[in-house]
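The opening position of the sequence shown corresponds to residue 31 in our numbering, with each subsequent residue numbered one higher. Positions of the beta carbon are idealized from the N, C-alpha and C atoms, including for glycine. The structure under discussion appears below in the form of structure tokens.
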Amino acid sequence: MGPKKDSSQKREELRLAELYEKIERQNERLNLIEGRLKKNEESIKDFGQNMKRVDETLTDLRRQNAKTCIILSGEDLPKKEKDENPLEIFCDQVKKKYGIRIPQNELSAAHRTGSGAIIGKFTKFHPGSGYYRLAVRRGKGSMNPNASVRVFANLKLTPFDSKIRFFASVARRVGTISFYEVQVSGHIAITVPITGSDRTRKITVKKPEDMKPYLTEEVLMMIEDSNKKRKLRKSKNKKDRLEDQQMDDLLRSEGDHGAEDAGSEMDVQ
């Protein structure tokens, strides 16, 4: 029979056994938590993908609505007047600028925007229609046939496509793409060189990833610079409008005081 263990040694062994058991239970809980976290991460990833698909679907729905409209803008567009007929102005200006006659029955509506431009909403889009001839202008000089008339027609774009067009315009200046155009579908298409070849290929930009390879550091710097300049212009215009409003208020206030003083003098007499 072996030697008996003293009580202190037994207590130490029991304490260590309890400690190991606690550590084991803790490890099991940690493994359970890690499993839950992994599942949550996968759920969040799936949710993000679903939201991305929903956003793309919403953008496409907005595009389907926006592409039926063409915006006329420019310095030579007649200024807004009371009781004007935007539909008639729209058709007249298109005929004057592009030589394209648009029957008024091909437009469901036309209205002014806050900036003074005119939006025309079309109902017919087949080849040969006024919309098609205005939206699809091909051939040398067809984009700006009457340069002396500073009126321009552009397909209405969704915020996403408008941003892509801006990025594409900067990328073209830098040289990462060769050409870009607005398609009748409302998408922006870019023409890019094929590496190691003299040929090019056309890409219809449907998601940000399509444009990303051509947004080099130089392109991004130019985009950032353009955004800063635009913000400064907006800030200056806002300040000018505020100063004009303050001056109007001051003149109005002085005029009011003058009227009150004149009335008082008449009362005295």
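Asked                                                                                                                      : Found
Residue range of the alpha helix (DSSP H) that includes Tyr210                                                             : Premise fails: Tyr210 lies in the beta strand (DSSP E), Phe209 to Val212, not in any alpha helix (DSSP H).
Minimum length 4: unbroken alpha helix (DSSP H) runs contained in the stretch 93 to 135                                    : 116 to 128
Unbroken alpha helix (DSSP H) run spanning Lys193, endpoints                                                               : Pro189 to Val204
Beta-carbon separation (whole angstroms), Leu107 vs Ile132, contact threshold 8 Å                                          : Their Cβ separation, rounded to whole angstroms, is 16 Å, which puts Leu107 and Ile132 out of contact at 8 Å.
Cβ shell of Val176 (< 6 Å), same chain only, five flanking positions each side left out                                    : Looking at the sequence itself, residue 176 is Asn, so the reference to Val does not match. Within the same chain, Asn176 has close Cβ partners Lys127.
Beta-carbon gap between Met241 and Val204 smaller than 8 Å                                                                 : no
Selected residue, minimal CA-CA separation from Lys237, among Val200, Pro189 and Arg263                                    : Pro189
Counterpart residues of Pro157 in DSSP-defined beta bridges                                                                : Per DSSP, none; premise fails for Pro157.
Sub-8 Å separation of Val181 and Leu102 beta-carbons                                                                       : yes
Cut-off 7 Å between Cβ atoms - residues of its own chain near Cys121, not counting five sequence neighbours on either side : Ile132 and Gln134
Gly304 - partner residues in DSSP beta bridges                                                                             : Coverage of the chain is limited to positions 31 through 299, which leaves residue 304 absent and any answer about it impossible.
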